[in-house]
Structures are given as C-alpha cells and as structure tokens.
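The sequence shown begins at 28 in this note's numbering and counts up by one. Even glycine gets a Cβ: it sits at the ideal position worked out from N, Cα and C. Written out below as structure tokens is the structure these notes cover.
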Amino acid sequence: MERPIKQMLEKFAKQKKSLFCVPSHKGRINSFDITELSFSDNLLNPKGAISESQKIAAEVFFAKECFYCTCGTTASIFITLHAVKNFGKKIIIAKNSHKSVYNAIEVFNIEPVILENFENIESFCKNDVLGALITYPDYFGNCADIIKISKVLKRHNKLLLSDSAHGGHFCKEYNLINPNNYCDIVCVSGFKNLFGLTQGAYLFLNNLSLKQNIIDAFNLFHTTSPSYIILESLENAVINFLKNKNNLKVYNYIDKVLGIDGLNFEKTDDKFRIALNTSNLNATGFRVEKFLNDLNIYPEFSTIDKVVFIIAVNQNIKDIDKLIVALKKLKAQIFNDKVTVKKLEFETKTDYLTAVKSDFELVKISTANGKISARNLGFYPPATPLCLAGQVLTKEFCEFLKIHQEHFYNVQNGLIKVVR
Numbered sequence: 028m029e030r031p032i033k034q035m036l037e038k039f040a041k042q043k044k045s046l047f048c049v050p051s052h053k054g055r056i057n058s059f060d061i062t063e064l065s066f067s068d069n070l071l072n073p074k075g076a077i078s079e080s081q082k083i084a085a086e087v088f089f090a091k092e093c094f095y096c097t098c099g100t101t102a103s104i105f106i107t108l109h110a111v112k113n114f115g116k117k118i119i120i121a122k123n124s125h126k127s128v129y130n131a132i133e134v135f136n137i138e139p140v141i142l143e144n145f146e147n148i149e150s151f152c153k154n155d156v157l158g159a160l161i162t163y164p165d166y167f168g169n170c171a172d173i174i175k176i177s178k179v180l181k182r183h184n185k186l187l188l189s190d191s192a193h194g195g196h197f198c199k200e201y202n203l204i205n206p207n208n209y210c211d212i213v214c215v216s217g218f219k220n221l222f223g224l225t226q227g228a229y230l231f232l233n234n235l236s237l238k239q240n241i242i243d244a245f246n247l248f249h250t251t252s253p254s255y256i257i258l259e260s261l262e263n264a265v266i267n268f269l270k271n272k273n274n275l276k277v278y279n280y281i282d283k284v285l286g287i288d289g290l291n292f293e294k295t296d297d298k299f300r301i302a303l304n305t306s307n308l309n310a311t312g313f314r315v316e317k318f319l320n321d322l323n324i325y326p327e328f329s330t331i332d333k334v335v336f337i338i339a340v341n342q343n344i345k346d347i348d349k350l351i352v353a354l355k356k357l358k359a360q361i362f363n364d365k366v367t368v369k370k371l372e373f374e375t376k377t378d379y380l381t382a383v384k385s386d387f388e389l390v391k392i393s394t395a396n397g398k399i400s401a402r403n404l405g406f407y408p409p410a411t412p413l414c415l416a417g418q419v420l421t422k423e424f425c426e427f428l429k430i431h432q433e434h435f436y437n438v439q440n441g442l443i444k445v446v447r
C-alpha cells in the first residue's frame with residue numbers, strides 16, 4: 028500500500044538543500060520535522076500527500092472521510108463538538124466521559140444530559156437535544172450497546188458521536204464493532220491502541236452533511252504548525268493496523284494472562300484491555316501498580332481497587348511473558364491495605380453549566396462538606412469524574428478525597444473549587 032506522506036518526506040530528506048525556514052534545527056534533529064513548504068501539503072487545507080494519505084486511512088477504517096490531527100484526541104473532541112453545537116442546546120453523555128468532553132461542552136455552552144448508562148436513552152431524546160456522545164470503549168474496556176443507541180437516535184433524527192480514543196483497533200477480526208459503522212463522527216487516538224506517535228489522532232466523518240462544519244472547526248482549533256513526524260506516524264499506524272488485524276497471535280496469547288489462577292480479572296468487552304481487580308489481594312490498585320513498577324512492569328493506570336493494562340495488537344510476546352511472571356509474583360505477595368469500595372451517591376443541586384460558570388472559591392477539602400462542587404473531581408488517569416460539578420460534596424467523599432488527593436484532578440495543593 029502507498030505511503031504518500033512517508034514517500035514525500037523521504038524524498039525531501041535525501042535532497043542536498045539549504046533551509047531558510049522553520050524549524051530552526053534545519054532538519055538536524057529529525058529530517059522529517061518540516062513545515063508547510065511548496066511541496067509538503069497543508070493539513071488545514073490538504074490537496075496533496077496528506078489528502079491522499081487521509082483517503083487511505085478512511086478506506087482502511089471504513090469511514091467516509093478522515094482528518095489527521097496532531098494535537099491529540101482532545102483537539103478532535105473540541106472540533107467535533109464545535110461542529111455540532113448549533114444542532115441543539117443539550118447533548119447526552121455518559122458520566123464517565125473524559126475531561127476533554129466536559130471541557131468542550133463548557134467552552135461551547137452545551138448543557139450535558141449526564142447518564143450513568145444509555146439503557147433509557149430514548150426518554151432523553153428531547154427537541155433541544157442534538158444527540159449523544161458515547162465513550163466507546165470506556166477506560167475499563169467496556170462498550171455501550173452502540174447498535175441499539177444508533178437505532179434510537181436515528182429514529183429521533185439525532186446525531187451519534189463517539190470518543191473512541193481507545194477504540195482504534197476495533198474490527199470484526201477482534202470481535203469488536205467498528206464505531207464508523209454507526210456514528211456520524213468518530214474520534215480515535217493514533218497511539219493508544221494503534222502504532223502512531225503520542226498526540227496523533229484521527230477524526231472520522233461518516234455524515235458528510237457535517238463536512239464544512241468540521242473543516243471550519245478544524246481551522247479554528249488545530250495548531251497551524253502540525254508535526255509532520257506525527258502525520259507520518261499516523262499513516263504508518265494505518266498500514267500497521269491493516270497488517271496486524273489478520274494476525275491473531277497476540278489476541279489469542281492474552282488468554283495466558285487471563286488464565287492465571289488466584290487473580291481476579293474483570294470481564295471486559297475489549298480483550299486487549301485487562302482490568303485486574305485487586306480487592307482479593309487486600310491491596311489497593313495504587314499499591315499493586317507500585318509493586319509492578321518495581322519489577323519494571325508499567326500498567327496504564329490504577330484506581331482504588333483496579334489496575335488496567337493495555338496490550339497492543341502487535342505487542343511483543345516476550346513482554347507479555349514478563350507480565351505473566353510479574354503477576355504470578357504479585358499473587359504470592361501479602362498485603363494488608365484496607366480496600367473499601369462503595370457506590371458514591373451525590374445530590375445534584377444545580378445544572379452542570381451553572382456550576383462551572385458560577386463564582387467560586389477555593390476551600391480546603393476538610394471544609395468542603397455540604398458545599399456544591401464547581402468542578403468535576405475524579406482519578407487522573409483516566410480523567411473521568413466521580414463527583415460532578417453541581418453536586419453536593421458529602422463528608423464521606425471529602426474524607427476519601429483527602430486520603431487519595433494525589434491521584435485526583437482539579438485538586439490544587441489540597442484545595443478544591445466550590446460554588447460561592
């Protein structure tokens with residue numbers, strides 16, 4: 028398969044040339060690190076190598092069009108929500124949406140209809156709702172019923188958007204549903220489960236009536252200095268995915284991890300994401316992550332009672348064997364952490380946008396009981412909220428937050444924002 032961006036960059040790298048353009052290292056750091064020149068195309072208005080490469084990516088991932096992004100899936104989320112913001116005043120999202128989703132709806136003044144799950148989504152498809160944005164998959168490898176959700180939204184003429192940052196590898200070969208088959212717009216990371224460089228992302232468009240909106244938003248939010256190194260890596264990730272999706276060696280080898288006796292692996296829809304529940308080890312996920320780090324094993328993230336591992340579709344089998352050895356050592360350890368996981372319940376006092384746009388004050392966590400949170404509070408990573416802005420902070424949660432504050436986002440030196 029052709030690699031238009033790589034071929035263009037390699038051709039230029041071989042030329043004898045004198046550069047009087049940015050970047051100032053003049054190719055000495057990396058010959059692929061160039062700017063928009065007469066031949067190199069322009070990501071914000073591609074007509075050459077970038078355009079050709081994006082067409083290949085769209086074909087491989089069964090999307091109608093593809094836009095490369097070198098500012099991460101976060102930028103793709105902002106572009107997406109700006110593109111649809113005039114279709115309604117509200118949007119349905121899951122509570123466990125990423126902070127980038129919450130940030131974007133705050134910036135664009137879209138009121139979120141926040142659900143724990145999408146089982147009763149039809150009852151929320153009101154006239155002022157533009158549609159839904161799902162996290163597919165979520166950060167523990169679980170998937171919403173995308174087929175059912177799509178049918179409901181189409182019945183009500185609503186949009187379906189997907190934050191599929193961790194779903195780039197979703198295809199029938201891995202028994203996973205490709206969101207491009209059901210969603211108007213899909214935002215995918217190029218490096219979380221694909222073979223691109225950090226900050227590379229794809230925005231897949233399947234509703235062509237939104238194309239001009241996407242182009243306009245892209246020009247508003249994307250950097251005017253895109254990394255050609257990242258662009259080439261996005262192209263390479265497409266080829267790598269195409270090559271590996273028919274090679275099920277890693278996919279099948281994961282069973283050796285899941286088959287370790289004495290460890291509690293939670294059921295996930297995505298086999299490449301392993302969620303280890305640590306409660307039966309009498310250890311917090313944080314403690315287990317530290318134990319594994321000491322063995323040079325680095326999971327994706329941990330929570331109070333879980334450790335999450337991401338296996339790449341082309342992961343080195345030797346690395347998986349090392350993980351197995353480490354997990355067997357973990358099984359033999361004796362911990363004495365007090366692991367108490369309770370379902371956190373909060374009273375919602377104000378709408379989300381009202382809370383985040385209200386006057387606020389910074390208070391100590393120990394004095395926040397009974398106050399209304401002005402910001403989402405949750406573990407980072409994965410940057411999804413436990414307590415939402417607009418909800419009343421409870422004594423139990425404040426005590427929990429104080430103990431684990433180093434793992435939370437929107438906590439500043441022991442202080443949090445509450446509505447004044």
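In the structure shown, phenylalanine 47 falls within a coil segment according to DSSP collapsed to helix, strand and coil. Annotated as distal: valine 438 and serine 385, with beta-carbon spacing of 8 Å or more. The straight-line gap separating the alpha-carbon atoms of alanine 353 and threonine 411 is approximately 28 Å. Take histidine 52, set aside five residues on each side of it, and the residues of its chain with a beta-carbon closer than 8 Å to its own are Asp60, in chain order. DSSP lists Thr162, Cys214 as the beta-bridge partner residues of aspartate 190. Within the DSSP bridge table, the entry for lysine 117 names Glu138, Val156 as partners. By the beta-carbon neighbour count (other beta carbons within 10 angstroms, threshold 16), phenylalanine 105 is buried.
Following the DSSP letters along the chain, one finds tyrosine 95 in no alpha helix (DSSP H) but inside the beta strand (DSSP E) bounded by residues 92–96.
Fewer than three beta-carbon pairs drawn from the region 352–366 and the region 188–199 are found closer than 8 Å, and the two stretches are therefore not classed as touching. Counted as a single uninterrupted DSSP element, the beta strand (DSSP E) harbouring phenylalanine 231 occupies residues 228–232. With respect to the C-alpha of isoleucine 351, the residue from Ala192, Asp282, Tyr379 having the closest C-alpha is Asp282.
Under the Cβ criterion (8 Å, minimum of three pairs), the region 200–220 counts as touching the region 176–191. Look at leucine 389 here: in three-state DSSP terms it is strand. Between the alpha carbons of lysine 175 and asparagine 440 lies a gap of roughly 44 Å. Under the Cβ criterion (8 Å, minimum of three pairs), the region 265–281 does not count as touching the region 243–250. Judged by DSSP in its simplified three-state form, threonine 305 adopts coil rather than helix or strand. A Cβ-Cβ distance of about 6 Å is found for the pair phenylalanine 336 and glutamate 327, placing them in contact under the 8 Å criterion.
In this structure isoleucine 120 is in contact with isoleucine 141, their Cβ atoms being roughly 6 Å apart against a cut-off of 8 Å. Between glutamate 293 and asparagine 309 a beta carbon distance of about 17 Å is seen, past the 8 Å cut, so the two are scored as non-contacting. Valine 445: not part of any alpha helix (DSSP H); member of the beta strand (DSSP E) spanning 442–446, first to last residue.
The region 273–291 and the region 116–134 do not touch, with fewer than 3 CB-CB distances between them shorter than 8 Å. Residue pairing from DSSP places valine 334 in a beta bridge opposite Leu303, Ser329.
Here DSSP, grouped into helix, strand and coil, assigns cysteine 198 to coil. Taking proline 409 as reference, the option from Glu63, Leu235, Lys370, Tyr436 with the minimal CA-CA separation is Tyr436. From the listed residues Leu70, Ala76, Phe427, the smallest Cα separation to phenylalanine 39 is found for Ala76. A straight line joining the alpha-carbon of lysine 74 with that of tyrosine 201 spans about 34 Å. For the pair glycine 217 and alanine 159, the CB atoms are not nearer than the 8 Å cut-off. In this structure, DSSP gives glycine 54 a state outside helix and strand, which the three-state scheme calls coil.
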